[in-house]
Amino acid sequence: MGRRKKNSKKFSDNQKICENKISEKLNSNKKEEKTEKREEDSSILKDTITVYQRLKLSLVSSMQHRSPDDSDEEEDAAVLNFWPRFVFVSNLCLICMERSEEVCESCGMVSYCTVKHKKQGWQKHRELCQVLTDVCTNGKGLSFLPDLTADDYRVYRLKLIEIVECRLKRLLEPWEKEILLYPRVCCSCRYFSKVLKYCPTCGIELFCENHDDKHEEWCRDFQVFRRVLFMQHKNGHVDPEIPDTFQNSPLYLPDNFDLLMVQLYNRSTYYCDMDCYTYCSLSHISTIPLTTLYSMQISCRDWKTIDTFVIHVIGAEFQFECINLHVWEKFFLHLLPNLKHLRLMFIGPELRLPAVPLDLLTTVKLCSTCKSFGRRVNISFHPGKFYHNFCRSKQFIKPHLVCLFNPGLYRETGFEGRDTWPETIKEFCKTKVPVCVTSYTKHEIPREMIRIKSIIDVETILEPKRNPFASIKPDRNFVSDDAVPLIYKNYYFAIIRGKL
Ligand SMILES: [Zn+2]
Ligand SMILES: [Zn+2]
Ligand SMILES: [Zn+2]
Ligand SMILES: [Zn+2]
Ligand SMILES: [Zn+2]
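Here it is in structure tokens:
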């Protein structure tokens, strides 16, 4: 989605003006809202700025600003490619995603901002409400939660989904499953009640009367989570402009996403005016190529001079790794002037391609400069395929780098009941090239390393560390929600290589 700028106005340079302008821009999107909410939004914004953008803002010394008045026209000019699905959050309104004040009296599991939206939502909610009330509320399905262990609690929630689907005689939509996956219970003890208080700051986490409504450690992340969901619900996906600069000599990435962006956007208005949602989206679509490039620079000695580079992405998921492929041109071809040919191979049993002509998915539109030098980004998908089978197929080309993004190797539940990771691990170690592995959380990455080492002998090129190019767009955590409630793609990473 391209965003056109109608006109722009010059402002003098300092951080305060920049912060104020971004606050203004965000608030101008929500003119209809109460003053109270405006203040709250600008404080969320300040928080986000403090954490993610302070460095960036302080480094920007001169900038241009759009006038806030033309923001509406700009919204009109936006063209949406596809709309993200609705995400259910127990304390956000089922209709508009504002903070809830009204809970459904019957099931007590969904909520609305106002009585008006509750009435408006009733017809649509009625069928599911009946079953939720029978199974969970009157049926006391939620009364056992406080006594379960973390693992049993996960199994139990999946079981509840099954029971509800069986009663309804249909499968639940993803957002309906979220009503049961992330139920309206106290975040501290899992006590269910139709009367719970919510954290006044983030408006998301719920507490029973025995628990304090404070959760400092995660509140800021939940504020960003709410902001992102709200903007996504209102505006659909944003497609941030990726900085487009040609480097004369290979660019060595700094250890910091903000620093890199400041350098690449070269003080542009666009970057200075970027709101929290666009910024999260930018990091989200950049994390795959940047984590890959960063790993390449750490582990491939000839990264500056190599002219053909082949990357295998194992266990790829279409929605995450396989869209936004244009970003690879900007972050590989434009930052590495000696690289002529980038070849990306996506392989995975769970990789499913949408039913559109294949060349629509594999064509990466290159800029005229890249074209005139005959540079290429070549994409191939190997859906429904295990890596060990791919390695024995004709399509196999030896990689220079192998990547596994958030694979969860340590989980032995496997694919369709069979644990196939050991075969895949053996195979990617046999390539004897660097293998980058990332994880959603700090505590998962050592488990990934233990799993690999339990199968085959490897050398460690980079010990697990925090990834400076992780996504900063929060997701809810189900798999290890007892450890952390929100997770970030590629949060930690490590690099290993099969022993020569
Ligand atoms: Zn509402
Ligand atoms: Zn209900
Ligand atoms: Zn509680
Ligand atoms: Zn909070
Ligand atoms: Zn180009």
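For the sequence shown, position 268 (counting from the first letter as 1) is numbered 1144 according to our numbering, and the numbering increases by one without interruption. For every residue, glycine included, the Cβ atom is placed at its ideal position computed from N, Cα and C.
Could you pull out every residue in the same chain whose Cβ sits closer than 6 Å to the Cβ of residue i, ignoring the five residues on either side in sequence?
i, result
"Phe962", "Trp1051"
"His1113", "Pro960"
"Lys1318", "Tyr1368"
"Asp1351", "Ile1363"
"Arg1219", "Val1186, Asn1254"
How about residue i: is its Cβ closer than 8 Å to a heavy atom in ligand 5?
i, result
"His1217", "no"
"Arg1228", "no"
"Leu1209", "yes"
Within a Cβ cutoff of 7 Å, which residues of the same chain sit near residue i, ignoring the five residues on either side of it in sequence?
i, result
"Leu1048", "Ile1037, Val1040, Glu1041"
"His1202", "Val1240, Lys1241"
"His1210", "Asp1120, Thr1121, Phe1122, Gln1123"
Helix, strand or coil: which one does DSSP assign to residue i?
i, result
"Glu915", "Confidence is the limiting factor: at Glu915 the pLDDT is only 37, short of 50, which leaves the residue's position unreliable, though a coordinate-based value still follows. Glu915: helix per DSSP, three-state reduction."
"Gly1015", "coil"
"Glu1324", "helix"
"Cys1005", "helix"
"Ile1348", "coil"
"Tyr1128", "coil"
"Ile971", "coil"
"Leu921", "In this prediction, Leu921 has a pLDDT of 37, which is less than 50 and means its spatial position is unreliable; what the coordinates show is noted afterwards. Helix at Leu921."
"Ser1157", "helix"
"Gly1284", "coil"
"Asp952", "Note that Asp952 has pLDDT 32, beneath the 50 cutoff, so the model's placement of it is unreliable and the number below is only indicative. Helix."
"Phe1304", "helix"
"Phe964", "coil"
"Gly997", "helix"
"Phe1291", "strand"
"Glu978", "strand"
"Ser1162", "helix"
"Lys897", "Because Lys897 carries a pLDDT of 31, less than 50, the predicted location of this residue cannot be relied on, and the following value inherits that uncertainty. In the structure shown, Lys897 sits in a helix (DSSP, three-state: H, G or I)."
When you measure from the CB of residue i to every non-hydrogen atom of ligand 1, does any distance come out below 8 Å?
i, result
"Cys989", "yes"
"Met1221", "no"
Within 8 Å: the Cβ of residue i and any heavy atom of ligand 2?
i, result
"Val1071", "no"
"His993", "no"
"Val986", "yes"
"Thr1154", "no"
"Ser966", "no"
"Leu1004", "yes"
"Leu1008", "yes"
Going by DSSP, which residues form a beta bridge with residue i?
i, result
"Val1334", "Gly1374"
"Ser1315", "Tyr1368"
"Lys1341", "Phe1369"
"Ile1363", "Asp1351"
"Arg1219", "Val1186, Asn1254"
"Ala1068", "For the sequence presented, residue 1068 should be read as Phe rather than Ala. Partner(s): Val1061."
May I ask whether a heavy atom of ligand 3 can be found less than 8 Å away from the beta carbon of residue i?
i, result
"Ser1064", "yes"
"Tyr1067", "yes"
Confirm the yes/no value for this check: CB of residue i, any heavy atom of ligand 4, distance under 8 Å.
i, result
"Glu1081", "yes"
"Phe1106", "no"
Spatial neighbours of residue i within its chain, please: C-beta separation below 8 Å, excluding the five flanking residues on both sides.
i, result
"Tyr1286", "Glu1320, Arg1323, Glu1324, Ile1326, Arg1327"
Start-end ranges of the beta strand (DSSP E) lying completely within the region 1239-1281, minimum 3 residues: 1252-1259, 1277-1280
Continuous alpha helix (DSSP H) assignments of at least 4 residues falling wholly in the region 1171-1208: 1194-1197
Contained alpha helix (DSSP H) runs [length at least 4] in the region 1074-1123, N- to C-terminal order: 1092-1111
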